[in-house]
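Report on one structure; see the data block that follows.
Numbering (the working numbering), first residue to last: 6 to 333.
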């Protein structure tokens, strides 16, 4: 289609150019797949080479099983997981680039004066560079965490540990009540290795929808408390643990209870166990907690509608902790 134009040089692109670009993208995907397969084979070859150099056959059998159960399987899983993460970041980068290219094309179509076009082009280019640089920095940080996570695995010899996706339980703690799914169970969510705790905030919408409620305001102070899956996870037991959390008799080295920030990547930083219960609590205001209208205002402005007003506690006009009644 001759209407396609290059966003950088403004050169008109013919259909064959567009097709060639599509073929090139397909080639890149094939290359990425080949790299992933090669990385997996490299991990197995590396571990087998170590096994072959052990020497004594009687010892080799024991160590061979050890390496196969840990190094071969875990390293292969680890590299596969890391490559999956890289692929997801590549797609994110491609989305940013496509958004930038569309913005440039739209800018060209406006046919702005030269100086205005140059100024807006520079602004969009600076924004694009900031987004790409931010994404690259995030990738580097996550890759460092991948390396540290696997180093810790090798040091501690944790069997079959790999930085893989983990299924966790999620609930909201509010007013001494834990929110459950429609079956009366904790909501299940899958977390990827690079995920921060913020990905679990979407679970709140699912839990609150069942109560015909939703979040009105999410404050800055939101906690994510992780409870060991081998603990008693009944509602009463969990609430007791949460109540004791800030008291003096709680052991700071208690591994059964861990509160982390919203930016934490728990799988990489804390080796989050499958089935861990993540309790979200803190500064979370629900729609049901917000008065729809102050009834003093209703009586003052709509004197003929006082019969429509419920006698609920209004946070705007409550006095001495007691809700006000009719103000006529």
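Quick reminder that beta carbons are idealized off the backbone N, C-alpha and C, glycines included.
Quick caveat: nothing in here was measured; it's all calculated off a predicted structure.
Nearest-angstrom Cα separation, counted from residue j out to residue i
i, j, result
"residue 241", "residue 212", "19 Å"
"residue 185", "residue 279", "18 Å"
"residue 142", "residue 106", "22 Å"
"residue 166", "residue 208", "For residue 166, the pLDDT reaches just 48, beneath the cut-off of 50, and the residue's location in the model is therefore unreliable, leaving the point undetermined."
"residue 104", "residue 239", "47 Å"
"residue 43", "residue 84", "10 Å"
"residue 221", "residue 284", "19 Å"
"residue 269", "residue 232", "15 Å"
"residue 180", "residue 288", "12 Å"
"residue 130", "residue 201", "28 Å"
"residue 94", "residue 46", "23 Å"
"residue 153", "residue 90", "16 Å"
"residue 249", "residue 125", "56 Å"
"residue 272", "residue 266", "13 Å"
"residue 323", "residue 217", "Residue placement at residue 323 is flagged as unreliable, the pLDDT there being 48, under the threshold of 50; the coordinate-derived value follows with that caveat. If you take the alpha carbons of residue 323 and residue 217, they lie about 26 Å apart."
Proximal residues to residue i (C-beta, below 8 Å), its chain only, five neighbours per side dropped
i, result
"residue 101", "133, 136, 137 and 140"
"residue 326", "The predicted position of residue 326 is uncertain, since its pLDDT is 43 and thus under 50; a value taken from the coordinates is nonetheless stated next. Nothing meets the Cβ criterion."
"residue 187", "215"
"residue 210", "219 and 220"
"residue 264", "228, 229, 230, 231 and 250"
"residue 245", "none"
Beta-carbon proximity list for residue i, same chain, < 6 Å, skipping 5 on both sides
i, result
"residue 234", "278, 280 and 281"
"residue 87", "151"
"residue 226", "287 and 288"
"residue 39", "none"
"residue 243", "none"
"residue 295", "221"
"residue 147", "199"
"residue 175", "192, 194, 205, 208 and 283"
"residue 293", "218"
Where the alpha helix (DSSP H) through residue i begins and ends
i, result
"residue 273", "271 to 275"
Residue i: first and last residue of the uninterrupted beta strand (DSSP E) it sits in
i, result
"residue 284", "282 to 291"
"residue 174", "171 to 179"
Cβ shell of residue i (< 7 Å), same chain only, five flanking positions each side left out
i, result
"residue 115", "none"
"residue 204", "196"
"residue 236", "261"
"residue 98", "137 and 140"
For a minimum of 4 consecutive residues, which ranges assigned as the alpha helix (DSSP H) are wholly contained in the stretch 69 to 131? 78 to 114
Mind listing, in chain order, the continuous alpha helix (DSSP H) runs of no fewer than 4 residues lying wholly within the stretch 193 to 265? 207 to 214 and 240 to 249
Is there contact between the stretch 191 to 208 and the stretch 106 to 122, where contact requires at least three CB pairs shorter than 8 Å? no
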